[in-house]
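The structure appears right after this line, and notes come after that.
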Amino acid sequence: TVILAIESSCDETSASVCVDGKILSNIIASQAVHEQYGGVVPELASRAHIQNIVPVVDAALKTASATHHSSLTTHEIDAIAFTQAPGLIGSLLVGAQFAKSLSLALNKPLIAVHHMQAHVLANLIAELRPSFPFLCLTVSGGHTQIVLAHSPLQLEIIGETIDDAAGEAFDKSAKMLGLPYPGGPLIDKYAKQGNAKAFKFAEPQIPGLNFSFSGLKTSVLYSLQKEVKNNPAFIEENLYDLCASIQYTIIHILMKKLKKATEQTGIKQVCIAGGVSANSGLRNALKEYGVKYNWQTFIPAFEYCTDNAAMIAITAYYKYLAGDFAELSISPTARAEW
Ligand code: ATP
Ligand code: MG
Ligand code: FE
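Heads up: the sequence shown is residues 28 to 365, going by full-length UniProt numbering.
Pasting the structure below:
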């Protein structure tokens, strides 16, 4: 079974070819145009997707052919998958329209994929993968969820953020420190040289398995305002310690709830996913908790953490096996239940 998958929910245009559940290519074109604006500009994202999509799909097929040791053309494709939701509507439309056109032209079925389910199933790409049921902490730019995966297509959200996402907590804190967008990777980099216990920020007291990050944002803002008033060079002089302390707090908030989820469910197969799972501190924390609490832990390879089409392809593979196809009349949506 050959699946061509397209991801275009935000600001990366990506295409992947998957053969019998094995990823043969994962091409990602990131859009640098947004950097100067300090965030993703939806209209510019749509235009960049339009420019990128043909070369990205072409490269995905060529790379897959090279990996497969034989030419893979559009005629070998058994199904075309795309990200249907959630995301920026203008961005989603480009990928959806391209996938639908290809489906019509090749007369091959269409598979609609939920972006957040795909982030979770990125954990099924590697050969060493979790067995069901497993827990997944999905931490990305727009979402923070604890998912209980009963089977590839039965995913249950058992906890989520009531305000900001973990990725937003990284990016907004970074912005207050004067770092460029997206700040998450930079906080990660500077945190390695800082003392995580140098500063203390407020942690939320939210019942159950839900998260909150808006209080942390306020806590960082007030601390910085107070210190900068006395010493204008405060941020500059303490940048590494500030990054380490902010990162430590975010990770502690996340891991506390993940541990609670393992206790409530009794499940010890534990994964992370989403852009923030690229964070080295979180990756280390998961491994440490795994050793301490006897969990088996799984983390997708870096390229499958942030937005990518390989995770769309692997999800589509399971949908293909289940015969879960979409009509050509389907439209993408900015938000979606699952
Ligand atoms: P969603 O998946 O919720 O729709 P998204 O697709 O924009 O949102 P991803 O691409 O999965 O999100 O992740 C992007 C987020 O990951 C950004 O907030 C970015 O700062 C964060 N991120 C990426 N790498 C790191 C890192 N090393 N440390 C911390 N955060 C990181
Ligand atoms: Mg992105
Ligand atoms: Fe994402």
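Backbone N, C-alpha and C define an ideal beta-carbon position, used for all residues, glycine too.
Along the chain, where does the alpha helix (DSSP H) containing residue i start, and where does it finish?
i: LEU148; result: 142-148
i: PHE197; result: 193-203
i: SER52; result: Here SER52 belongs to no alpha helix (DSSP H); instead the beta strand (DSSP E) covers 49-57.
i: LEU99; result: No alpha helix (DSSP H) contains LEU99, which DSSP labels as neither H nor E.
i: GLU364; result: GLU364 -> no alpha helix (DSSP H), and no H or E assigned at all.
i: GLN291; result: 261-292
i: THR333; result: Note, THR333: premise wrong, no alpha helix (DSSP H); not H, not E.
i: THR245; result: 241-257
i: LEU309; result: 307-320
If you check the beta carbons only, do residue i and residue j fall under 8 Å apart?
i: ILE189; j: ILE173; result: no
i: ALA223; j: TYR275; result: yes
i: ALA87; j: VAL44; result: yes
i: ILE54; j: VAL81; result: no
i: LEU148; j: LEU355; result: no
i: GLY211; j: GLY194; result: yes
i: ASN258; j: LYS295; result: no
i: ALA288; j: THR165; result: no
i: ILE30; j: ILE152; result: no
i: SER73; j: GLY117; result: yes
i: GLN111; j: TRP365; result: no
i: GLY48; j: ILE339; result: no
i: ILE107; j: LYS89; result: no
i: ASN150; j: PRO157; result: yes
i: PRO113; j: ALA343; result: no
i: LEU269; j: PHE226; result: yes
i: GLU183; j: LEU175; result: yes
Buried or exposed for residue i, going by 16 or more other Cβ atoms inside 10 Å?
i: residue 379; result: With the chain represented from 28 up to 365, any question about residue 379 goes unanswered, as that position is not in the structure.
i: GLY308; result: buried
i: VAL255; result: exposed
i: LYS346; result: buried
i: PHE329; result: exposed
i: LYS127; result: buried
i: GLN252; result: exposed
i: HIS142; result: buried
i: LYS219; result: exposed
i: HIS102; result: exposed
i: LYS216; result: exposed
i: LEU348; result: exposed
i: ASP334; result: buried
To the nearest whole angstrom, what separates the beta carbons of residue i and residue j, a pair I think is in contact under 8 Å?
i: CYS37; j: LEU115; result: 6 Å
i: GLY122; j: ILE214; result: Contact flag wrong, Cβ pair sits at about 30 Å.
i: SER52; j: GLU39; result: Between GLU39 and SER52 the Cβ distance is about 15 Å, and since that is not below 8 Å, they are no contact.
i: ALA229; j: GLY221; result: Incorrect: roughly 19 Å between the Cβ atoms, too far for contact.
With respect to the beta strand (DSSP E) encompassing residue i, which residues constitute its N-terminal and C-terminal limits?
i: HIS177; result: 171-178
i: THR40; result: 39-46
i: GLN296; result: 296-300
i: THR165; result: 161-166
i: PHE109; result: 106-112
Fill in: Around the ligand ATP, Cβ to any heavy atom closer than 5 Å, ordered along the chain
CYS37, SER167, GLY168, GLY169, HIS170, GLY194, PHE197, ASP198, PRO209, GLY211, PRO212, ASP215, GLY301, GLY302, VAL303, ALA305, ASN306, THR333, ASP334
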